[in-house]
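Scroll down for the structure; my scribbles are underneath it.
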Amino acid sequence: MAVQVEGNSRAGFGGGLSIEIMGVEDDLFEDVAGDPQEISTLEVSPYFLYHVAAGDRFLMPIRLGPWIHVLALDDPNNSIEVDWISLGLRLQLEPEVSIVRTNDFSLSVFTALTFAGGETAIDLSGPGIDEDLESEAGMFGFEIGPRLRFSHFIASVSYLHRSFHVDESDPDPNFVVFGFDNSYDGIAFSLGGSL
Numbered sequence: 004m005a006v007q008v009e010g011n012s013r014a015g016f017g018g019g020l021s022i023e024i025m026g027v028e029d030d031l032f033e034d035v036a037g038d039p040q041e042i043s044t045l046e047v048s049p050y051f052l053y054h055v056a057a058g059d060r061f062l063m064p065i066r067l068g069p070w071i072h073v074l075a076l077d078d079p080n081n082s083i084e085v086d087w088i089s090l091g092l093r094l095q096l097e098p099e100v101s102i103v104r105t106n107d108f109s110l111s112v113f114t115a116l117t118f119a120g121g122e123t124a125i126d127l128s129g130p131g132i133d134e135d136l137e138s139e140a141g142m143f144g145f146e147i148g149p150r151l152r153f154s155h156f157i158a159s160v161s162y163l164h165r166s167f168h169v170d171e172s173d174p175d176p177n178f179v180v181f182g183f184d185n186s187y188d189g190i191a192f193s194l195g196g197s198l
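According to this note's numbering, the sequence shown is numbered sequentially starting from 4.
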């Protein structure tokens with residue numbers, strides 16, 4: 004699930020906030036590792052905005068701002084929790100080309116490219132375990148599809164890809180948390196409005 008709110012002036016400058024939440028039921032790793040586990044992610048990105056426009060047919064919002072990403076892994080059988088909390092910078096480019104356009108209607112094709120990266124704090128806790136470790140993380144997102152605007156309403160359907168990478172934690176005398184890659188592919192349905 005994702006929510007995005009933004010606004011800009013006639014000159015194209017503005018700002019906004021993007022929030023994305025994802026989760027997996029408790030059967031994660033059940034077939035490969037034995038113990039079912041739960042995972043959830045939260046991404047919060049406030050940003051500065053600038054709209055690049057070329058005539059009436061091309062528009063490209065550029066969004067730049069802080070990146071806050073939290074990934075939580077919970078193993079209920081062993082009472083072990085691992086939280087990866089990343090803080091860094093996020094850049095998103097969203098070029099859009101109008102195919103059909105009138106005063107109250109437009110049909111366009113858009114794509115969104117998202118890049119983010121930063122430092123990661125790893126909180127490892129469980130029976131007899133309470134460790135704070137450090138690492139680095141990065142994220143790449145890709146989205147493409149058609150977008151329909153009618154009066155003040157906006158709707159789109161798109162192919163969505165998200166990938167998240169975390170390096171192995173920095174050396175610690177007692178524990179190490181291995182690096183990993185996490186990715187998601189799916190179809191996104193979006194509804195929105197404009198003033």
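Backbone N, C-alpha and C fix where the C-beta goes; we use that ideal spot for every residue, glycine too.
Quick caveat: nothing in here was measured; it's all calculated off a predicted structure.
Would a C-beta distance cut-off of 9 Å place residue i and residue j closer than the cut-off?
i	j	result
aspartate 3	valine 85	Nothing can be reported for residue 3, as the shown portion of the chain is limited to 4 through 198.
phenylalanine 119	leucine 92	Sequence inspection shows alanine at residue 119; the phenylalanine mentioned does not correspond to that position. Yes; because the gap between Cβ atoms is below 9 Å, this pair is in contact.
serine 159	phenylalanine 192	yes
glycine 68	isoleucine 42	no
proline 2	glutamate 97	The first residue shown for the chain is 4 and the last is 198, placing residue 2 beyond what the model contains.
leucine 62	serine 101	yes
isoleucine 157	arginine 165	no
glutamate 9	arginine 66	yes
If you follow the beta strand (DSSP E) that residue i is in, where does it begin and where does it stop?
i	result
glutamate 9	5 to 11
valine 85	83 to 96
aspartate 126	108 to 129
aspartate 77	61 to 78
proline 149	132 to 153
valine 169	156 to 169
alanine 191	183 to 196
serine 172	Taken as a continuous stretch (DSSP letters only), serine 172 belongs to no beta strand (DSSP E), as it is neither H nor E.
threonine 44	40 to 57
valine 100	99 to 104
Quick test of your reading: residue i and residue j, contact by CB under 8 Å. State the CB separation rounded to the nearest angstrom.
i	j	result
isoleucine 83	valine 73	Their Cβ separation, rounded to whole angstroms, is 17 Å, which puts isoleucine 83 and valine 73 out of contact at 8 Å.
histidine 155	serine 197	5 Å
aspartate 59	arginine 104	6 Å
glycine 141	leucine 163	No, glycine 141 and leucine 163 are not in contact; Cβ-Cβ is about 18 Å, not under 8 Å.
glutamate 2	glutamate 122	Residue 2 lies beyond the stretch modelled for the chain, which goes from 4 to 198, so this question has no answer here.
In its own chain, which residues sit with a C-beta less than 7 Å from the C-beta of residue i, not counting the 5 before and 5 after it?
i	result
asparagine 11	Gly17, Leu52 and His54
phenylalanine 181	Glu171
proline 130	Ser82
phenylalanine 153	Asp107 and Phe108
serine 128	Glu84
Identify, in the order they occur along the chain, each residue of the same chain with its Cβ nearer than 6 Å to the Cβ of residue i, setting aside the five sequence neighbours on each side.
i	result
methionine 4	Ile24
leucine 45	Ile24 and Val73
threonine 117	Gln95 and Gly144
histidine 168	Gly141 and Asp184
valine 179	Ser172
valine 6	Ile22
leucine 194	Ala158
serine 75	The sequence given here places alanine at residue 75; serine does not occur at that position. Closer than 6 Å at the Cβ level, and outside the excluded window around alanine 75, lie Ser43 and Asp86.
Take residue i and list the residues in its own chain whose beta-carbon comes closer than 8 Å to its own, dropping the five residues that flank it on each side.
i	result
tryptophan 70	Glu46, Ser48, Ser89, Leu90, Gly91, Leu92, Arg93, Ala119, Gly120, Gly121 and Met142
leucine 177	Note on residue identity: the sequence assigns asparagine, not leucine, to residue 177. Answer for asparagine 177: Glu134, listed in chain order.
aspartate 175	Glu134 and Leu136
If you measure from the CB of residue i, is any heavy atom of the ligand MN nearer than 8 Å?
i	result
alanine 191	What this structure holds is no ligand at all, so the ligand MN is not there to describe.
| said: Whether or not the segment 111 to 120 and the segment 141 to 151 are in contact is what I'm after, with contact meaning three or more pairs of Cβ atoms, one per stretch, closer than 8 Å; do they touch? | reply: Contact between the segment 141 to 151 and the segment 111 to 120 is present, because at least three Cβ pairs lie under 8 Å.
| Does the pairing of the segment 5 to 22 with the segment 49 to 57 give three or more beta-carbon distances under 8 Å? | yes
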